[in-house]
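There are 2 protein chains.
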Amino acid sequence: MSEIRKHYFLSEYCIIAEDRAKRPSDFPKASEASDKNGYSSCTFCGGAEEKTPFATAVYKNGKIFADAPEKRIPDWDFRCFPNLYPALSPVQAPLELQDTGLMAEPGYGFHEVIVESPLHGKRLENFSDIELSGLMHVYRDRTCSYINRKKIRYVSLFKNSGKAAGASIDHPHSQLLALPFCPPLLERELKAIRESKMCPYCAIFDMEKASPRLILENSECIAFAPYSSMGPFEVWILPQKHVSFLGDCSEQILFALGDMLRAVLRSYGKIFGNMPFNHMFYQLNSTPEYHLNLRLLPRLSLNAGFELNTGVYINTFSPERAASYLRGDILPGN
Amino acid sequence: MSEIRKHYFLSEYCIIAEDRAKRPSDFPKASEASDKNGYSSCTFCGGAEEKTPFATAVYKNGKIFADAPEKRIPDWDFRCFPNLYPALSPVQAPLELQDTGLMAEPGYGFHEVIVESPLHGKRLENFSDIELSGLMHVYRDRTCSYINRKKIRYVSLFKNSGKAAGASIDHPHSQLLALPFCPPLLERELKAIRESKMCPYCAIFDMEKASPRLILENSECIAFAPYSSMGPFEVWILPQKHVSFLGDCSEQILFALGDMLRAVLRSYGKIFGNMPFNHMFYQLNSTPEYHLNLRLLPRLSLNAGFELNTGVYINTFSPERAASYLRGDILPGN
Numbered sequence: 001m002s003e004i005r006k007h008y009f010l011s012e013y014c015i016i017a018e019d020r021a022k023r024p025s026d027f028p029k030a031s032e033a034s035d036k037n038g039y040s041s042c043t044f045c046g047g048a049e050e051k052t053p054f055a056t057a058v059y060k061n062g063k064i065f066a067d068a069p070e071k072r073i074p075d076w077d078f079r080c081f082p083n084l085y086p087a088l089s090p091v092q093a094p095l096e097l098q099d100t101g102l103m104a105e106p107g108y109g110f111h112e113v114i115v116e117s118p119l120h121g122k123r124l125e126n127f128s129d130i131e132l133s134g135l136m137h138v139y140r141d142r143t144c145s146y147i148n149r150k151k152i153r154y155v156s157l158f159k160n161s162g163k164a165a166g167a168s169i170d171h172p173h174s175q176l177l178a179l180p181f182c183p184p185l186l187e188r189e190l191k192a193i194r195e196s197k198m199c200p201y202c203a204i205f206d207m208e209k210a211s212p213r214l215i216l217e218n219s220e221c222i223a224f225a226p227y228s229s230m231g232p233f234e235v236w237i238l239p240q241k242h243v244s245f246l247g248d249c250s251e252q253i254l255f256a257l258g259d260m261l262r263a264v265l266r267s268y269g270k271i272f273g274n275m276p277f278n279h280m281f282y283q284l285n286s287t288p289e290y291h292l293n294l295r296l297l298p299r300l301s302l303n304a305g306f307e308l309n310t311g312v313y314i315n316t317f318s319p320e321r322a323a324s325y326l327r328g329d330i331l332p333g334n
Numbered sequence: 001m002s003e004i005r006k007h008y009f010l011s012e013y014c015i016i017a018e019d020r021a022k023r024p025s026d027f028p029k030a031s032e033a034s035d036k037n038g039y040s041s042c043t044f045c046g047g048a049e050e051k052t053p054f055a056t057a058v059y060k061n062g063k064i065f066a067d068a069p070e071k072r073i074p075d076w077d078f079r080c081f082p083n084l085y086p087a088l089s090p091v092q093a094p095l096e097l098q099d100t101g102l103m104a105e106p107g108y109g110f111h112e113v114i115v116e117s118p119l120h121g122k123r124l125e126n127f128s129d130i131e132l133s134g135l136m137h138v139y140r141d142r143t144c145s146y147i148n149r150k151k152i153r154y155v156s157l158f159k160n161s162g163k164a165a166g167a168s169i170d171h172p173h174s175q176l177l178a179l180p181f182c183p184p185l186l187e188r189e190l191k192a193i194r195e196s197k198m199c200p201y202c203a204i205f206d207m208e209k210a211s212p213r214l215i216l217e218n219s220e221c222i223a224f225a226p227y228s229s230m231g232p233f234e235v236w237i238l239p240q241k242h243v244s245f246l247g248d249c250s251e252q253i254l255f256a257l258g259d260m261l262r263a264v265l266r267s268y269g270k271i272f273g274n275m276p277f278n279h280m281f282y283q284l285n286s287t288p289e290y291h292l293n294l295r296l297l298p299r300l301s302l303n304a305g306f307e308l309n310t311g312v313y314i315n316t317f318s319p320e321r322a323a324s325y326l327r328g329d330i331l332p333g334n
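Protein sequence lines, in the order shown, are assigned to chains A and B.
Numbering of the first sequence is given in the numbering used here, commencing with residue 1 and proceeding in unit increments.
Numbering of the second sequence is given in the numbering used here, commencing with residue 1 and proceeding in unit increments.
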């Protein structure tokens, strides 16, 4: 059982989820993970299906199945199941009455794990086109599935890779949290977009396509280091076509987004090897003003007292220089 | 030379400060710091005054001095000098003209180090009343000194303690960044406060003084775990009297704030030993609506993809339970 709490007087929220503290970690204590660590006991690996909750969606040879109590489906390509230590859950006991006027509501929602491969050491940057296309379809399917549930207002789709990026399990996986409210970051963006005369992201596309911050482009998308990057080597992937939601993306855009994600991860790998990072989808359903984008943040720096005090980020590596490394203009070590 | 950049279309900012990447660290590579590490080569220790920039303020026996080029002042109690790797600096070259309409301005401002003791292993929780009073006066003096400089709009006063909290030097010190703009977190608070009919912090004081989240109180302040805590064991210290700025605080309030800070740090120490944390002052000069407060955040969890995607924090330890530990109702290990 968890609880959604609103800030005393700002439109900001926390989820108090004490059960999440019980989740195990397969990372070794003193160092960053390598692909091999924890392999033997990994609950996300192919063959270990009994160790997770029943899968809500199992992708296998282009078809979708769901586990039944009497049989869990083996030999899958992608596997989705409820997080065993959920921050939000569809079944919630009523909250005890508070003696104050503060807002609290039960932590209603969904928290799903999307396992990206049965293989422990598989990495997205080495996916074949078919595997990549498969994953992007899973991302789209699961997002659409949850946004249509009762009372759900936002689907947060993201990946934590590496302990310093918040992962507690090393096996390659993404996560999805379906929330009963629109989160403050998206609310703020939407307010600013509605006050603009045109889509700011469409303008960003035109500007960054010809800027020194451009990293890569394909037929549908660009990848660039954003002008006001919150940390070293932050990257945004933006489709040229104004689409708001994964469910609105054509097959071409969907694949192009994944293709660009894979290319950026390969560039990261050439420079940093196996480095902790997050990637996150920013999208809004039934909100045609919004322009979907995908962001990557390597975890090369951390927020200190100044960032906590101000909300301003000190970034010690300019996005122009990061872009030149990520394009391959500058080789690592120079 | 650094650069202040605004987000494409939101009122959010980054400081691009590439020189800061060159700063050294005295922490050992693979583990959290202990008090002894780096002692022999520490540039912040008493006796090593030659290794830092000239001090802008040296506190000694209740008087304030400044270093002169021919002589650096020895045997001090507190010592303040410009950060050798500043995020902002008063001397800035004009920026090269950008080819876009994006906002950039030179990284004008001040970045100061406040060394809290000449002794490497000294910790705030062990300060005597006289030492504590001295430090709080330094905090007030330096804040007032910088808020009155040309073009300065906000003074961020904070401490990073431990590598995971963003410290690169183990010797006990705080930092001050004087900014030429009001940061977004304070802007957002101020907007909400101005829309309220009364001071939300005064209401918070009354509510939390009688809540299960109260940790400690003294004649002037309370310390409590905020209702919507962004992480485990977050603590806010709030004076009862509505004051907006350290410069407006009476001697009594100033000492009471420090006394409460010391008490909370002692409680942290009993539970966690030497743990990374930040403390930050939230204050606004010439803004009578604002209500000064001081916040502490132990670095026991980290922001992952969900927090980056939404701005919503998942907290695995309820503030009510954290308060009961910090009050000493529950002993560590239970």
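All residues carry an ideal CB built from backbone N, CA and C; glycine is no exception.
(request) Determine the burial state of M136(A): buried for a count of at least 16 other Cβ atoms within 10 Å of its Cβ, exposed for fewer. (result) Label assigned to M136(A): buried.
(request) Note down, in chain order, all residues in the stretch 289-307 of chain A with a beta-carbon under 9 Å from any beta-carbon belonging to chain B. (result) Sequence-ordered contacts of the stretch 289-307 of chain A with chain B read R295, L297, R299, S301, L302, N303, A304, G305, F306, E307 [C-beta pairs closer than 9 Å].
(message) Any beta carbon from chain A within less than 9 Å of N37(B)'s own beta carbon?
(response) Any reading at N37(B) is ruled out, since the residue's pLDDT is 49, under 50, leaving its predicted position unreliable.
(message) Whole angstroms are fine: how far does the CA of C45(A) sit from the CA of L119(A)?
(response) Spanning the alpha carbons of L119(A) and C45(A) requires a straight line of approximately 6 Å.
(request) Would you list the residues sitting across from N274(A) in a DSSP beta bridge? (result) N274(A) is bridged by DSSP to nothing; it lacks a bridge partner.
(message) Between which two residues does the beta strand (DSSP E) holding V113(B) run?
(response) It spans 110-115 - the beta strand (DSSP E) in which V113(B) sits, taken as one unbroken run.
(request) Specify the secondary structure class of F181(A) as computed by DSSP and reduced to three states. (result) When DSSP states are grouped into helix, strand and coil, F181(A) belongs to the coil group.
(message) What ranges does the beta strand (DSSP E) occupy inside the stretch 93-175 of chain B, keeping only unbroken runs of at least 3 residues that lie completely in it?
(response) Segments of the beta strand (DSSP E) lying fully in the stretch 93-175 of chain B: 104-106, 110-115, 154-161.
(request) Identify the contact partners of Y139(B) in chain A, using a Cβ-Cβ distance below 9 Å as the criterion. (result) Correct list: empty, because the minimum Cβ distance to chain A is about 13 Å.
(request) Taking all protein chains shown into account, decide if S34(B) is buried (16 or more other Cβ within 10 angstroms of its Cβ) or exposed. (result) Since pLDDT at S34(B) reaches only 42, below the 50 mark, its modelled position is unreliable, and the value read off the structure follows with that caveat. Residue environment: S34(B) is assigned as exposed (fewer than 16 neighbouring CB atoms within 10 Å of its CB, all protein chains considered).
(request) Give a yes or no on whether 9 Å exceeds the smallest Cβ distance from T310(A) to chain B. (result) Answer yes: the Cβ-Cβ gap between T310(A) and chain B drops below 9 Å somewhere.
(message) I need the boundaries of the alpha helix (DSSP H) containing I345(B), first residue and last residue.
(response) Beyond the ends of chain B as shown, which are 1 and 334, falls residue 345(B); an answer cannot be given.
(message) Can you look up M230(B) in the DSSP assignment and give me helix, strand or coil?
(response) If DSSP states are grouped into helix, strand and coil, M230(B) belongs with coil.
(request) Report buried or exposed for R79(A), applying the criterion of at least 16 other Cβ atoms within 10 angstroms of its Cβ. (result) By the 16-neighbour rule on beta-carbons within 10 angstroms, R79(A) is buried.
(request) For A30(B), I'd like the list of residues in its chain whose CB is within less than 6 Å of its CB, leaving aside the five on either flank, ordered along the chain. (result) Low confidence applies here, because A30(B) scores a pLDDT of 38, under 50, leaving its location unreliable and the question unanswered by this model.
(request) Could you work out which residues of chain A lie near S89(B), taking near to mean beta carbons separated by less than 9 Å? (result) Neighbourhood of S89(B) in chain A, by CB distance below 9 Å: empty, with the nearest CB roughly 13 Å away.
(message) Short of 8 Å in beta carbon distance, which residues of its chain neighbour L95(A), apart from the five on each side in sequence? Order them along the chain.
(response) Cβ neighbours of L95(A) beyond the five flanking positions: E3, A104, E105, P106.
(message) So, for L216(A): in the same chain, excluding its five sequence neighbours on each side, which residues have a beta-carbon less than 6 Å away from its beta-carbon?
(response) Closer than 6 Å at Cβ, skipping near neighbours: A223, A263.
(request) Would you give the residue range spanned by the alpha helix (DSSP H) that F306(B) belongs to? (result) Segment 305-310, the alpha helix (DSSP H) holding F306(B).
(message) Counting only C-beta atoms, is C42(B) closer than 9 Å to chain A at any point?
(response) Chain A, which has no Cβ nearer than 9 Å to the Cβ of C42(B), makes this no.
(request) Along the beta strand (DSSP E) that carries P82(A), what are the first and last residues, could you check? (result) That run of the beta strand (DSSP E) goes 78-82.
(request) Would you give the residue range spanned by the beta strand (DSSP E) that R295(B) belongs to? (result) Unbroken beta strand (DSSP E) run through R295(B): 293-298.
(request) Look up P239(B) in the DSSP assignment and give the residues it is bridged to. (result) Beta-bridge pairing links P239(B) to C221(B).
(request) Rounded to whole angstroms, what's the CA-CA distance from M230(A) to R72(A)? Just pull it up for me. (result) Those two C-alpha atoms are separated by around 43 Å.
(request) Check the DSSP bridge columns for M280(B) and list the partner residues they point to. (result) Looking at the DSSP output, M280(B) bridges to F158(B), R295(B).
(message) Check for me: the alpha helix (DSSP H) holding E320(A) runs from which residue to which?
(response) E320(A) -> alpha helix (DSSP H) spans 319-327.
(request) Report the option in L214(A), D141(A), L176(A) whose CA atom is closest to the CA atom of Y85(A). (result) For the residues L214(A), D141(A), L176(A), the minimum Cα distance to Y85(A) belongs to L176(A).
(message) Between C202(A) and chain B, is the shortest Cβ-Cβ distance under 9 Å, so that the two count as touching?
(response) No, its Cβ sits nowhere closer than 9 Å to a Cβ of chain B.
(message) With distance defined between alpha-carbon atoms, name the residue in A225(A), L246(A), Y13(A) nearest to Q283(A).
(response) That would be L246(A), whose Cα lies nearest to the Cα of Q283(A).
(message) In this structure, how does DSSP classify Y85(B) when only helix, strand and coil are distinguished?
(response) Coil at Y85(B), not helix or strand.
(request) Evaluate V91(B) with the Cβ neighbour count: other Cβ atoms within 10 Å of its Cβ, from every protein chain shown; 16 or more gives buried, anything less gives exposed. (result) Of the residues assessed, V91(B) falls on the exposed side of the cut-off, its CB having fewer than 16 other CB atoms within 10 angstroms.
(message) For the pair the stretch 146-164 of chain B and the stretch 261-279 of chain A, tell me if three or more CB-CB distances fall below 8 Å.
(response) No: the two stretches stay apart, fewer than three of their Cβ pairs being nearer than 8 Å.
(message) According to DSSP, simplified to helix, strand and coil, what is L302(B)?
(response) It is coil, neither helix nor strand.
(request) Excluding the 5 residues preceding and the 5 following N293(B) in the sequence, name in chain order all residues of the same chain whose CB lies nearer than 6 Å to its CB. (result) Within the same chain, N293(B) has close Cβ partners W236, L238, Y282.
(request) Measure the Cβ-Cβ separation of R149(B) and F181(B) and say whether it is below 9 Å. (result) In this structure, the beta-carbon distance from R149(B) to F181(B) does not fall below 9 Å.
(message) Between M1(A) and chain B, is the shortest Cβ-Cβ distance under 9 Å, so that the two count as touching?
(response) Output row for M1(A): interface = no.
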